[in-house]
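What follows is a short report on a single structure.
Numbering (my numbering), first residue to last: 6 to 260.
In structure tokens form, the structure reads like this:
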């Protein structure tokens with residue numbers, strides 16, 4: 006059983022926290038990951054900074070721009086992660102876009118990700134058809150989970166196909182927008198209820214608009230948990246030491 010699948014055996018709602026690798030400083034990555042784990046995060050989604058993101062709102066875009074200015078690259082990130090597994094026990098998922106991964110070399114990327122202990126990948130611009138025809142086999146070869154996204158506009162037929170191809174979990178985007186948009190989760194309850202009623206084989210984590218304890222609980226009501234990104238990046242962007250700020254934010258969500 007994969008580390009991600011095993012995390013869903015816990016009798017609790019799963020909190021997945023997104024952080025941008027190399028933000029706010031180039032060497033912040035492991036310190037933040039350690040703090041997230043110590044303060045209750047169940048999964049860490051590590052963003053690989055990219056200059057032309059598709060789904061990221063302005064806060065995460067800014068953190069990516071800063072991380073790139075700091076010198077973060079995929080090679081640098083793997084160098085930072087190569088000794089993480091003795092201390093980082095929670096699942097780690099890399100989120101990014103195909104262009105830099107293709108420049109790195111897709112199979113080399115998967116091989117190096119698996120070698121440092123990464124558990125899964127989120128690449129929103131990898132088409133399902135190309136996943137089936139070419140890339141899925143490479144991802145599976147290195148034992149990585151692959152997480153697809155669904156939105157309220159995704160048809161039931163496509164959701165069931167995504168469920169067939171996914172492993173780890175399915176990322177349910179709360180609306181067709183970018184990250185960081187305020188969301189009233191009562192308005193998407195029907196969508197989340199529909200996903201729950203489909204009895205998919207993969208668990209569902211809800212993202213986009215989850216920012217605090219109230220929205221985490223609302224988003225998780227009809228799912229196995231939720232993903233917080235923009236609100237966490239905001240929390241560690243102030244003057245407080247990053248470890249102190251990260252710990253304080255998680256306490257407000259989980260207390």
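For glycine and all other residues, C-beta sits at the position ideal for the given N, C-alpha and C.
When rounded, the separation of the alpha-carbon atoms in residue 11 and residue 209 is 14 Å.
Going by C-alpha positions, residue 259 is about 12 Å away from residue 22. Sorting 97, 241 and 219 by C-alpha distance to the C-alpha of residue 174 places 97 at the top. One Cα belongs to residue 235, the other to residue 55, and the distance between them is close to 16 Å. The C-beta distance from residue 75 to residue 27 rounds to 5 Å, short enough to fall under 8 Å. Looking at the DSSP output, residue 150 shares a beta bridge with 125. Going by C-alpha positions, residue 150 is about 20 Å away from residue 156. Judged by their CB atoms, residue 129 and residue 154 are nearer to each other than the 8 Å cut-off.
Taken through DSSP and simplified to helix, strand or coil, residue 215 comes out as coil. Contact between residue 82 and residue 53 holds: their C-beta atoms lie close to 6 Å from each other, under 8 Å. Here residue 119 has 147, 148 and 149 as same chain residues with Cβ atoms under 8 Å from its own Cβ, once five neighbours each way along the sequence are excluded. Cβ-Cβ distances below 7 Å link residue 101 to 52, 53, 55 and 128 in the same chain, with the five nearest sequence neighbours on each side left out; the list follows chain order. Ranked by how close their Cα comes to the Cα of residue 193, the residues 204, 223 and 168 have 223 in first place.
In the structure shown, residue 95 falls within a coil segment according to DSSP collapsed to helix, strand and coil.
Take the alpha-carbon of residue 159 and the one of residue 221: they are about 22 Å apart. Residue 68 is a Cβ neighbour of residue 238, given a cutoff of 8 Å. Annotation note: the region 10 to 82 contains the following uninterrupted alpha helix (DSSP H) runs of length 4 or greater, listed N- to C-terminal: 34 to 43 and 63 to 75.
From the listed residues 233, 218, 162 and 215, the smallest Cα separation to residue 200 is found for 162. Under a 10 Å Cβ-count criterion, residue 43 is classified as exposed, with fewer than 16 other Cβ atoms of the shown protein chains found around its own Cβ.
In this structure, residue 20 places its C-beta atom within 8 Å of the C-beta atom of residue 230. In this structure, residue 111 and residue 140 form a Cβ contact; the two beta carbons are roughly 6 Å apart against a cut-off of 8 Å. Selection 202, 176 and 204 evaluated against residue 212 yields 176 as nearest (Cα-Cα). Taking 8 Å as the cut-off, the Cβ atoms of residue 47 and residue 95 count as close. Per the coordinates, the alpha-carbon of residue 45 lies some 34 Å from the alpha-carbon of residue 107.
For residue 251, no beta strand (DSSP E) segment is defined; the enclosing uninterrupted segment is the alpha helix (DSSP H) at 247 to 259.
With a 10 Å radius around the Cβ and a threshold of 16 neighbouring Cβ atoms, residue 196 comes out buried.
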